[in-house]
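Below: one structure, written as structure tokens.
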Amino acid sequence: MGTQMPMSSDRTRTNWTPAMERYFIELLLDQVHRGNRMGHTFNKQAWSDMLTMFNAYFGSPYDEKVLKSHYTNLWTQFNDIKNLLDQNGFSWDYNRQMVVASHHVWDAYIKAHPEAQSYRNKALMNFNDLCLIYAHTTADGRYSRSSHDVDFDDDIQGVNIGVFSCICRNVVFLIDVKSIQSVLSL
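Residue 186 is where the sequence shown ends in the UniProt record's numbering, and the numbering goes up by one at each step.
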């Protein structure tokens, strides 16, 4: 389970485990499906519900700031990957779940953007889900959409095998419909 590490006299840092992150992403997907996203964030009731469920699941007294902070971190990670994929020479490797490019493309990009180094060999197992959560959110709200804009039930009901596509700029992510159904039936 995650731990809270002291950062200063009044703040702590939560170390997120893969299980914590996976469960939080499932909670976010459920709130997107319920239509509780407002622009690039969620309404107060959604945050309250997610916090209650998260704490009950992990038996921990985390506060809303911890979840909101991790939501922002995931959004940053999503945007970093989306920006990489918008560059010439970069693509998504579905098998390895990571951004790939030739050595010279990576070297040139990292020279100009050293902060991207961590993505060179990093698998992002939840990126397809992050695409569903963040693909239509931007800071200025131009592309903000809620689940009211997309009829999930018509697309998914009665489908046992298939894929759902999520387009992030020039990359289409194929997501197994069974996985979506299991997440949406939380």
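We put the CB at the ideal spot given by N, CA and C, even for glycine.
Any C-beta of chain C under 8 Å from that of residue i
i: H70; result: Within the model displayed, chain C is absent; a lone protein chain is all it includes.
Whole-angstrom distance between residue j and residue i, CA atom to CA atom
i: A123; j: M20; result: 17 Å
i: M125; j: D80; result: 15 Å
i: A112; j: W106; result: 10 Å
i: H70; j: E64; result: 10 Å
i: N88; j: Y109; result: 10 Å
i: Y62; j: W92; result: 34 Å
i: L67; j: L51; result: 7 Å
i: H40; j: T72; result: 10 Å
Boundaries of the alpha helix (DSSP H) in which residue i is found, first to last residue
i: M98; result: Where M98 is concerned, there is no enclosing alpha helix (DSSP H), although the beta strand (DSSP E) it sits in stretches over M98 to V100.
i: D107; result: H103 to A112
i: N128; result: F127 to Y134
As assigned by DSSP and simplified to three states, the class of residue i
i: M38; result: strand
i: N15; result: strand
i: S60; result: coil
i: D30; result: helix
i: D93; result: strand
i: residue 234; result: In the structure as shown, the chain begins at 1 and stops at 186. Residue 234 is therefore absent and cannot be evaluated.
i: L84; result: helix
Among the options, nearest to residue i - alpha-carbon criterion
i: Y94; options: F127, H40, I133 and H33; result: F127
message = Quick test of the definition: if touching needs 3 or more C-beta pairs under 8 Å, does the segment 54-61 touch the segment 17-37?
response = yes
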